[in-house]
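Right, one structure below, let's go through it.
4 protein chains.
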Amino acid sequence: MTFFDRLKAASAADWHSYVDHAFVRQMGEGTLPQPAFRHYLVQDYLFLIQFARAYALAIYKSPSLGDMRQALAGVKAILDMEMDLHVELCAGWGLSRTDLERAREERQTMAYTRFVLDAGGQGDLLDLMVALAPCVLGYAEIGRRLAATPRGLDPANPYARWVAEYSSEGYQEVAAGFAAWLDRIAADYATPARQPRLEHLFAQASVLEADFWQMGLEAA
Amino acid sequence: MTFFDRLKAASAADWHSYVDHAFVRQMGEGTLPQPAFRHYLVQDYLFLIQFARAYALAIYKSPSLGDMRQALAGVKAILDMEMDLHVELCAGWGLSRTDLERAREERQTMAYTRFVLDAGGQGDLLDLMVALAPCVLGYAEIGRRLAATPRGLDPANPYARWVAEYSSEGYQEVAAGFAAWLDRIAADYATPARQPRLEHLFAQASVLEADFWQMGLEAA
Amino acid sequence: MTFFDRLKAASAADWHSYVDHAFVRQMGEGTLPQPAFRHYLVQDYLFLIQFARAYALAIYKSPSLGDMRQALAGVKAILDMEMDLHVELCAGWGLSRTDLERAREERQTMAYTRFVLDAGGQGDLLDLMVALAPCVLGYAEIGRRLAATPRGLDPANPYARWVAEYSSEGYQEVAAGFAAWLDRIAADYATPARQPRLEHLFAQASVLEADFWQMGLEAA
Amino acid sequence: MTFFDRLKAASAADWHSYVDHAFVRQMGEGTLPQPAFRHYLVQDYLFLIQFARAYALAIYKSPSLGDMRQALAGVKAILDMEMDLHVELCAGWGLSRTDLERAREERQTMAYTRFVLDAGGQGDLLDLMVALAPCVLGYAEIGRRLAATPRGLDPANPYARWVAEYSSEGYQEVAAGFAAWLDRIAADYATPARQPRLEHLFAQASVLEADFWQMGLEAA
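Chains as they are written, first to last, in the working numbering: chain A, 2 to 221; chain B, 2 to 221; chain C, 2 to 221; chain D, 2 to 221.
Here it is, written out as structure tokens:
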């Protein structure tokens, strides 16, 4: 049982409200209203900027050179790759780079991202990673789950590319690497006394991720 | 024109959505459903804890001993006084200390408080103070405004004590002190190039404060 | 055996280089050259400013309200009391407040204080407290030790007042409170895997404290 | 006149104590005792780890995506390139990776690096960059200066490779990029009121860099 499995087990209801959210199911079925997805895409661009800051904070907080390199891989993945992929994906949905840069950051975007950043400022690398986990590992779980549904990867599903991206070997490896890193950090830093607080951080982050999907739905 | 006046002028719509929120007007009229107020009170307790952390961050970030002492006054006001007043006020509404400590932090509480804390971590003392201003100075403005309405301080208004607290000379002086401090810090640190970003921080914080009232209303 | 005892035992040589430093022994014997003490006093004023920032960081990083209050007591002790005592003590040595404020911060002052602040930024509250411990708890140990020497509290010893201050019941209680708090935080956050790093932090901080005494000696 | 030129002009004596240090001149003449250089090399390895943390903090504190990418280039230059070059350079001097990893961090190494990190934590990106500048830009100035001396690049000079590295087009471009970035950030964030404090930060950092050379000399 990985540390991530323990966190999920302790927050099952909150976790499911996130990974089984109507937004997710409708992506898998191809029935999600397109304005919902477009709104999500724009906010996800702003989200990625804050997530790059969170991984940079992880470099700063890393207790060893190995941890620093692991966190740097996260910053590079976002700033050198994902942001460009995102701009390209947005272009396919008629959203220009200028649309992205001019967009107003929604409260749900602020809520989750600033929560993660503060978890890192207040605590140590383990706190920061636990707050990041619902995003990094949740997207991998959602990707796998939707890829296994009848319409998830169907070319007729307008969201098939999103599903393909997060179910891809590349992303699954990134997530597996993060989970293994979390296990190593938890092995050194987790204690029984910290467990309730870590589980609470994970649950709060899961709720804020669910809110992020909800924000998309409500834009439709 | 104070720096706070400039910020308000630049974010008039967001500012009014906060200080003129239905929750506020209904407090002034005494028509606010009591469950809304009770829910607000509980969350405000959790809010104060994070606000004490934000003032502590302001001590850490202060460029001079005078600024450190000013920020320390904020931490002391919260931890040595307001939290106890709050517990007492809650007791009058049938909420025990245990109720407060066991309460789950709402997303709107997390959203505003972590936003403020991250504004301080990312930037300098001026950024942090601009993000704090809607709370510190907005409550003073709301207190004054409601105290001037026919029912604001009417003993029959169940919210008269809240109005009395924030319109009191004591709180008004705290707020005036903060505004004067903000003017001094802005005189040294604000630049025309920073102005749009500072105004944006203030607008975002105002929106998140409005959401906090809305959270109360929706609990009723 | 307290957590502090464990840290000292693991860093015995570095610890003794600090608490048994020639500067300390010469204070106890009253033989310390007065320019050495005056130089130390001025730098200790600048040191206290940074230490207040470190305790403020401890409030920000505290995982509970009780910890926040404990750390706040530290900030208040410095900003509301010790700094004024310090100015008064300096006046007795012919050093004005202006002398203190105009003094250039020495590299040894920067070295220890910034080390503590960064330990807190990089890690959690336990890391920060371990880096603070040589100062808070070392001064108590030095005070007790010197008070027990023949000339430590002798009114003819020009440093008797310093010895009296740090051997006083008041200061000893502050130190005992810090040690008990450290035990509680260590009970929740320390792990066998963290122990070498915590001991290393403590050893580094002890070395930097010894350097601070050495800076005084070299000014004579 | 660049912002860096202004900082140097305001701290001329401290700046010269660093860039004209005896360690530097002796490297240029090839007369530096080899144990001095070896000691420096080992500490510089530990220094780079903290500098990567400082650039990561710069990503976290960046107000725009462009600034984040600029700071990321600094982290990558250190973690993906310079550390390996350093290990290789050390190998040429008979120092193994294990020697580097086991080395005890000297007080001068701690002093400068933690000072930079705290400057960033306390202030904004401009404060952090001003504290980083003596290292990034000073090495470029030293490299150019030594390359222009008769023995600087002479293959018989055991330190010619060091001189070649920092006078190389590659490093000079990195430094020019940093100086241009500093100009942009200063254009937006510097104010006349901040100038004395920024100059003081720069002077302190220059003194701590000079101490770092001195540490090397004293090891011989």
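For every residue, glycine included, the Cβ atom is placed at its ideal position computed from N, Cα and C.
All of these numbers come straight from a predicted model, not from anything done at the bench.
Task: Close Cβ partners of L11 of chain C (< 6 Å) along its chain, the five nearest in sequence each way excluded - done: Indexing the third sequence from 1 puts residue 11 of chain C at position 10. Per the sequence presented here, residue 11 of chain C reads as Ala, with Leu not at that position. Closer than 6 Å at the Cβ level, and outside the excluded window around A11 of chain C, lie E200.
Open item on the list: Just to confirm the assignment, what range does the alpha helix (DSSP H) spanning S16 of chain A have?
Closed with: Residue 16 of chain A sits at position 15 when you count from the first residue of the first sequence. Here residue 16 of chain A turns out to be Trp, not Ser, going by the sequence shown. Where W16 of chain A is concerned, the enclosing alpha helix (DSSP H) stretches over A13 to V20.
Task: Any chain B beta carbon closer than 7 Å to G124 of chain D - done: Here residue 124 of chain D refers to the residue found at position 123 when the fourth sequence is read from its first residue. Chain B places a beta carbon closer than 7 Å to that of G124 of chain D, counting this residue as a contact.
- [ ] Give the secondary structure of R105 of chain A by DSSP, where H, G and I count as helix, E and B as strand, and everything else as coil.
- [x] For the purposes of this step, residue 105 of chain A is taken as the residue at position 104 of the first sequence. Judged by DSSP in its simplified three-state form, R105 of chain A adopts coil rather than helix or strand.
Open item on the list: Below 8 Å, how does it come out for the region 126 to 139 of chain C and the region 202 to 212 of chain C: are there three or more Cβ pairs, yes or no?
Closed with: Flag = yes, the region 126 to 139 of chain C and the region 202 to 212 of chain C touch.
Task: Opening and closing residue of the alpha helix (DSSP H) in which G124 of chain C lies - done: What you label residue 124 of chain C is simply residue 123 of the third sequence in a count that begins at 1. Element bounds for G124 of chain C: n/a, residue is neither H nor E.
- [ ] Counting only the same chain and skipping the five closest in sequence on each side, list residues whose C-beta sits under 8 Å from that of G121 of chain B.
- [x] Taking the second sequence and counting its residues from 1, one reaches residue 121 of chain B at position 120. The residues are A55, L58, A59, K62, D128, L129 and A132.
- [ ] Pull out every residue of the region 208 to 219 of chain D whose Cβ sits closer than 8 Å to any Cβ of chain C, in chain order.
- [x] Flagged, chain order: V208, L209 and D212.
Open item on the list: Is M130 of chain A close to chain B? Criterion is C-beta to C-beta, closer than 7 Å.
Closed with: Residue 130 of chain A sits at position 129 when you count from the first residue of the first sequence. No, its Cβ sits nowhere closer than 7 Å to a Cβ of chain B.
Open item on the list: Among the candidates D:L42, D:Y140, D:L154 and D:V137, whose CA atom is the shortest distance from the CA of L86 of chain D?
Closed with: As a working note, residue 86 of chain D is residue 85 in the fourth sequence. Of the candidates D:L42, D:Y140, D:L154 and D:V137, the residue whose Cα lies closest to the Cα of L86 of chain D is D:L42.
Task: Supposed contact pair D212 of chain B and R145 of chain A - C-beta distance, whole angstroms, cut 8 Å - done: Working through the first sequence from its first residue, we reach residue 145 of chain A at position 144. Working through the second sequence from its first residue, we reach residue 212 of chain B at position 211. Not really, about 34 Å apart at Cβ, beyond 8 Å.
Open item on the list: Taking 7 Å as the limit between beta carbons, can you name the residues of its chain near R152 of chain C, skipping five residues before and five after?
Closed with: In the third sequence, residue 152 of chain C corresponds to position 151, counting from 1. Closer than 7 Å at the Cβ level, and outside the excluded window around R152 of chain C, lie G29, E30, G31 and N158.
Task: Segment limits, alpha helix (DSSP H) that includes D68 of chain C - done: If you number the third sequence from 1, residue 68 of chain C lands on position 67. Unbroken alpha helix (DSSP H) run through D68 of chain C: L66 to K77.
Task: Helix, strand or coil at M82 of chain B [DSSP, three-state] - done: As a position in the second sequence, residue 82 of chain B is number 81, starting the count at 1. M82 of chain B: helix per DSSP, three-state reduction.
TODO: With distances taken Cα to Cα, identify the nearest neighbour of C91 of chain A among A:A149, A:K77 and A:R162.
DONE: Position 90 of the first sequence holds residue 91 of chain A. Closest option to C91 of chain A, Cα to Cα, is A:R162.
Task: Burial state of E210 of chain A (16 or more Cβ within 10 Å) - done: Residue numbering aside, residue 210 of chain A sits at position 209 when the first sequence is read from its first letter. With 16 or more other Cβ atoms within 10 Å, it is buried.
Task: Whole-angstrom distance between A148 of chain B and F116 of chain C, CA atom to CA atom - done: Counting from 1 along the third sequence, the entry for residue 116 of chain C is found at position 115. Counting from 1 along the second sequence, the entry for residue 148 of chain B is found at position 147. Distance between the alpha carbons of F116 of chain C and A148 of chain B is about 50 Å.
Task: Residue from A:G93, A:W214, A:T192 and A:R185 whose Cα sits closest to the Cα of G67 of chain A - done: As a working note, residue 67 of chain A is residue 66 in the first sequence. Of A:G93, A:W214, A:T192 and A:R185, the residue nearest in Cα terms is A:R185.
Open item on the list: Please list, in chain order, the residues of the region 157 to 191 of chain B that have any C-beta partner in chain D closer than 9 Å.
Closed with: Using a CB distance below 9 Å, the part of the region 157 to 191 of chain B facing chain D consists of A188, D189, Y190 and A191, ordered along the chain.
Open item on the list: Please report whether the beta-carbon of A141 of chain C lies at a distance below 7 Å from any beta-carbon of chain D.
Closed with: Looking up residue 141 of chain C in the third sequence gives position 140. Answer no: the Cβ-Cβ gap between A141 of chain C and chain D never drops below 7 Å.
Open item on the list: Does T32 of chain A come out as helix, strand or coil in the three-state DSSP assignment?
Closed with: Numbered from 1 along the first sequence, position 31 holds the residue referred to as residue 32 of chain A. Residue state, collapsed to three classes: coil.
- [ ] Answer yes or no: does any C-beta atom of chain B fall closer than 7 Å to that of R70 of chain C?
- [x] In the third sequence, counting from the first residue as 1, residue 70 of chain C sits at position 69. Chain B contact via Cβ: present.
Task: Interface residues of chain B facing R195 of chain D [CB-CB closer than 8 Å] - done: If you number the fourth sequence from 1, residue 195 of chain D lands on position 194. Within chain B, D189 and Y190 have C-beta atoms less than 8 Å from the C-beta of R195 of chain D, given in sequence order.
Task: CB-CB length for Q44 of chain C against T110 of chain C, believed under 8 Å - done: Your numbering for residue 44 of chain C matches position 43 in the third sequence. Your numbering for residue 110 of chain C matches position 109 in the third sequence. Correct: roughly 5 Å between the Cβ atoms.
TODO: Over the uninterrupted alpha helix (DSSP H) stretch that includes L218 of chain A, give me the two end residues.
DONE: Here residue 218 of chain A corresponds to residue number 217 of the first sequence, with the count starting at 1. Looking at the DSSP string, the run of the alpha helix (DSSP H) that includes L218 of chain A is Q196 to E219.
- [ ] Would you mind sorting D81 of chain D into buried or exposed? The rule is 16 or more other CB atoms within 10 Å of its CB.
- [x] As a position in the fourth sequence, residue 81 of chain D is number 80, starting the count at 1. The residue in question, D81 of chain D, is exposed, as its Cβ has fewer than 16 Cβ neighbours within 10 Å.
Task: First and last residue of the uninterrupted alpha helix (DSSP H) at R185 of chain C - done: Indexing the third sequence from 1 puts residue 185 of chain C at position 184. For R185 of chain C, the uninterrupted alpha helix (DSSP H) segment begins and ends at E170 to Y190.
Task: Short-range partners of chain B found in the region 77 to 97 of chain A, where Cβ spacing is below 7 Å - done: If the cut-off is 7 Å between Cβ atoms, the region 77 to 97 of chain A has nothing near chain B.
- [ ] Please list the partners that Y61 of chain B has in chain C, where partner means a Cβ-to-Cβ separation under 7 Å.
- [x] Position 60 of the second sequence, counted from the start, is the residue given in the question as residue 61 of chain B. Within chain C, the residues near Y61 of chain B are R54, A57, L58 and Y61.
TODO: Could you name the residues of chain D that L73 of chain A contacts, counting a contact when the two beta carbons are closer than 9 Å?
DONE: Working through the first sequence from its first residue, we reach residue 73 of chain A at position 72. Chain D residues near L73 of chain A: A53, A57, L73, V76, K77, L80 and D81.
TODO: Evaluate A14 of chain D with the Cβ neighbour count: other Cβ atoms within 10 Å of its Cβ, from every protein chain shown; 16 or more gives buried, anything less gives exposed.
DONE: Within the fourth sequence, the letter at position 13 stands for residue 14 of chain D. A14 of chain D should be labelled exposed.
- [ ] Identify whether F2 of chain C lies in helix, strand or coil by the three-state DSSP scheme.
- [x] Along the third sequence, read from residue 1 onward, the residue named residue 2 of chain C stands at position 1. Looking at the sequence shown, residue 2 of chain C is not Phe but Met. Assigned with DSSP and collapsed to three states, M2 of chain C falls in coil, not helix or strand.
Open item on the list: Classify R105 of chain B: buried if its beta carbon has 16 or more other beta carbons within 10 angstroms, exposed otherwise.
Closed with: Translated into positions along the second sequence, residue 105 of chain B becomes position 104. Around the CB of R105 of chain B, fewer than 16 other CB atoms lie within 10 Å, so the residue is classed as exposed.
Open item on the list: Within 10 Å of its beta-carbon, does H17 of chain B have 16 or more other beta-carbons around it, so buried, or fewer, so exposed?
Closed with: Indexing the second sequence from 1 puts residue 17 of chain B at position 16. For H17 of chain B, the number of other beta carbons within 10 angstroms of its own is below 16, and it is reported as exposed.
Task: Coarse secondary structure for T150 of chain B, derived from DSSP in three states - done: Translated into positions along the second sequence, residue 150 of chain B becomes position 149. The DSSP-derived three-state label of T150 of chain B is coil.
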